[in-house]
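**Q** Just add 4 to the spot in the sequence shown (first one is 1) and you have the numbering used here.
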Amino acid sequence: MMRKPNIIYLLADDWGYGDVSCLNPDSKIPTPHTDQLASEGMIFADAHSNSAVCTPTRYGVMTGRYCWRSRLKRGVLNGYSEPLIEEGRMTVPSLLRDEGYTTACVGKWHLGLGWQVSNGAERANGESVDFSVPLTDGPHTVGFDYSFIIPASLDMAPYCYIEDGVVVEQPLEETADSPRPEFWRGGACAPGFMHDTCLLELTIRAEGFINQHAKENGDKPFFLYFPAPSPHTPHFARGRFAGRSQAGEYGDYVTEHDWSVGRILSAVKRNGLGDDTLIIVTSDNGCHEEPIGLKEKYDHLGNYIYRGQKSDAWDGGHRIPFIASWPGVIEPGSRCDKTVCLTDLLATVAGICDVDLPRDAGEDSYDILPYMQGDQEDTIREATVHHSISGEFAIRKDQWKLVTCRGSGGWSLREADVPEDAPPMQLYDMASDPEEQNNLFSEKHEVVEELLGILDRYREGDRSVK
5 MMRKPNIIYL LADDWGYGDV SCLNPDSKIP TPHTDQLASE GMIFADAHSN
55 SAVCTPTRYG VMTGRYCWRS RLKRGVLNGY SEPLIEEGRM TVPSLLRDEG
105 YTTACVGKWH LGLGWQVSNG AERANGESVD FSVPLTDGPH TVGFDYSFII
155 PASLDMAPYC YIEDGVVVEQ PLEETADSPR PEFWRGGACA PGFMHDTCLL
205 ELTIRAEGFI NQHAKENGDK PFFLYFPAPS PHTPHFARGR FAGRSQAGEY
255 GDYVTEHDWS VGRILSAVKR NGLGDDTLII VTSDNGCHEE PIGLKEKYDH
305 LGNYIYRGQK SDAWDGGHRI PFIASWPGVI EPGSRCDKTV CLTDLLATVA
355 GICDVDLPRD AGEDSYDILP YMQGDQEDTI REATVHHSIS GEFAIRKDQW
405 KLVTCRGSGG WSLREADVPE DAPPMQLYDM ASDPEEQNNL FSEKHEVVEE
455 LLGILDRYRE GDRSVK
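1. Taking C-alpha atoms, which residue in D159, N129, S315 lies nearest to P238?
2. At 4 residues or longer, what runs of the alpha helix (DSSP H) sit wholly inside the stretch 76-125?
3. Below 9 Å between beta carbons: does that hold for G147 and L204?
4. According to DSSP, simplified to helix, strand and coil, what is R323?
5. Regarding V344 and the ligand GDP, is the C-beta to nearest heavy atom distance less than 8 Å?
6. Leaving out five residues on either side along the sequence, give the residues of the same chain with a beta carbon under 8 Å from the beta carbon of D421.
7. Does the stretch 290-308 come into contact with the stretch 10-21, if we say contact requires no fewer than three beta-carbon pairs (one atom in each stretch) closer than 8 Å?
8. Where in the stretch 156-241 do unbroken runs of the alpha helix (DSSP H), each at least 4 residues long, occur, reported from the N-terminal end onward?
9. Using 10 angstroms around the beta-carbon of V3, count the other beta-carbons present and answer buried if the total reaches 16, otherwise exposed.
10. Which first and last residues belong to the beta strand (DSSP E) in which P390 is found?
11. Going by C-alpha to C-alpha distance, which of H449, D279, A128, G45 sits closest to N10?
12. Quick one: residues in its chain with C-beta nearer than 6 Å to the C-beta of I4, no 5 flanking neighbours on either side, listed in chain order?
13. Check the C-beta distance from K470 over to V57 and give it rounded, since I have them as a contact under 8 Å.
14. On the three-state DSSP scale, how would you describe C340?
15. Name the residue from E177, A16, L15, D30 whose alpha carbon lies nearest to the alpha carbon of Y302.
16. Among R189, V258, M94, whose alpha-carbon lies nearest the alpha-carbon of V359?
17. From S53 to A16, what does the alpha carbon distance come to, in whole angstroms?
18. Report yes if the C-beta distance between K219 and I153 is below 9 Å; otherwise report no.
19. If I'm right that V110 touches F213 with Cβ under 8 Å, what's the distance once you round it to whole angstroms?
20. Any contact between the stretch 111-130 and the stretch 82-89? By contact I mean 3 or more CB pairs, one from each, below 8 Å.
21. Does the stretch 322-341 touch the stretch 43-53, meaning 3 or more C-beta pairs lie closer than 8 Å?
22. Return the chain-ordered list of same chain residues with a C-beta closer than 7 Å to the C-beta of H144, the five sequence neighbours on each side being excluded.
23. Quick one: give me the first and last residue of the beta strand (DSSP E) that Y462 is part of.
24. So the candidates are F326, R311, D364; which of them puts its Cα closest to the Cα of G413?
25. E90: which of A351, Q40, G142 sits nearest, CA to CA?
26. Please state whether the Cβ-Cβ distance between A210 and F230 is less than 9 Å.
27. Contact defined as beta carbons within less than 8 Å: I believe G118 pairs with L88. What is the distance between those atoms, to the nearest angstrom?
28. Please report how far the alpha carbon of S394 lies from the alpha carbon of E300, in whole angstroms.
29. Just tell me which of P428, T352, I458 has its CA closest to the CA of K401.
30. Drop a sphere of 10 angstroms on the beta-carbon of S136, count the other beta-carbons inside from all chains shown, and report buried for 16 or more, exposed for fewer.
31. What did DSSP end up calling H304 once you bin it into helix, strand or coil?
32. Following the continuous beta strand (DSSP E) through W404, name the residue where it begins and the one where it ends.
33. Hey, how far is the Cα of K273 from the Cα of E381?
34. Apart from the five residues on each side of it in sequence, which residues of its chain come closer than 7 Å, Cβ to Cβ, to T61?
35. Please say whether D371 and T388 have beta carbons closer to each other than 9 Å?
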């Protein structure tokens, strides 16, 4: 059994494959800290979020289970939504805590919370929530020893910090809608909450956890889940980050996100933890290119060569940066071209801890530790399911990808806008056509039938892992 490493999982919000300069040679955004991590570790060039939007991806990260198996079949939660993770379900932090880890969550939660309501209200909203009482559910009830979070996306009310299930400062004021690029929705806001310094505040808290753990519990491994609010809206070009990119406020905000990654990496090394820490840097879905006008205004491809954007079943919706570093285990400057998915975290940490998952946990999670160790001869997973914001499916097996709708499944090409003579589905050879331009649906009937059969088996059964 190998030593148990510290594990840090940095999850960006709407960070596209093409936003990272070591992945996109034509990127207009410098990401030196992420690039440095890649030089010290492994680039997973065919990594995917299990959904093209944030809430369902986060469910998959925490549980190792496709979110379409839960009550959330499409779309995302809001800041007042009820908890999505089912009571009693094994999560990454609950498994690791049982294995002797100290567990912490700092960042954007967006998986529903146990708000308590007053005045007999049936559901939580800005008028009914009693912010003065502790929350009944949240990261503090699914396995995290410590948590410091915002409820949902940085453009969704209520705007406040929650520490270990208690609201730090009650959101008793109201903020108005803010236009782009500093876009957020109006709603309840704590007097001291500042959108533009939220990433800074969360970064300081994450650093503080690492510092304190190293000082007080250095002989015990830790798991830090850091789901950053960036570079999702609202977009900021704050202070010294203004003008750092050639892609406007969005690009400048990405440089601040990369700076945050660098601060976490520095905290690890400063505390002498570098040799004993697995660090994963990734994103919850693709870049939302369209409203920013990244290509038209700045000639920047946030999703690189991949078709579509956040929300879509096309690869631009869910092919993401995924970089892992673990000295002594992962070879510096290495690359993995095997398909991996963000649902794989649970099985991977179970593999690291030499734990067998029960059948009712990690139903769609594969242990990618062999890939990290350089063993890429065998293909670990049979197939990978992708899911769009509207609930449309795609399935990938080897080089073949089947999209089970005529459009993008999201915002790029809605079904109503697809030409009437378009085929009912889309089949692409991702090895020769990664841009998804040549639909082979009418030519490869046997491949279509095979992929539909696998997808039906996964959907009708309770798991995809055999």
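Note that CB positions come from ideal geometry on N, CA and C, so glycine has one too.
Note that the coordinates shown come from a computational prediction; the quantities given were computed from them, not determined experimentally.
**A** Result, derived from the coordinates:
1. D159
2. Secondary structure remark: continuous alpha helix (DSSP H) runs of at least 4 residues inside the stretch 76-125, in chain order: 96-102.
3. Result no, Cβ atoms of G147 and L204 do not sit closer than 9 Å.
4. strand
5. The model depicted lacks the ligand GDP and carries no ligand whatsoever.
6. G411
7. Yes: the two stretches touch, three or more of their Cβ pairs being nearer than 8 Å.
8. As summarised for the stretch 156-241, the continuous alpha helix (DSSP H) elements at least 4 residues long and confined to that stretch are 202-220, given in chain order.
9. Any question about residue 3 goes unanswered here, given that the chain covers just 5 to 470.
10. Reading off the sequence, residue 390 comes out as His, not Pro. In this chain, the beta strand (DSSP E) harbouring H390 covers 388-391.
11. The shortest Cα separation from N10 among H449, D279, A128, G45 belongs to D279.
12. Examination of residue 4 is not possible in this model, given that the chain is present from 5 through 470 alone.
13. Not really, about 28 Å apart at Cβ, beyond 8 Å.
14. strand
15. Nearest option by C-alpha distance: D30.
16. M94
17. 11 Å
18. no
19. 6 Å
20. Contact holds: three or more Cβ-Cβ distances are below 8 Å.
21. With the cut-off at 8 Å, the stretch 43-53 and the stretch 322-341 touch.
22. S151, D168, G169
23. Secondary structure note for Y462: it is in no beta strand (DSSP E), and the uninterrupted alpha helix (DSSP H) holding it is 449-464.
24. R311
25. G142
26. yes
27. The pair is not a contact, with the Cβ atoms about 11 Å apart (cut-off 8 Å).
28. The straight-line gap from Cα to Cα measures roughly 26 Å.
29. I458
30. exposed
31. coil
32. 404-407
33. 33 Å
34. S53, N54, S55, D288, N289, L346
35. no
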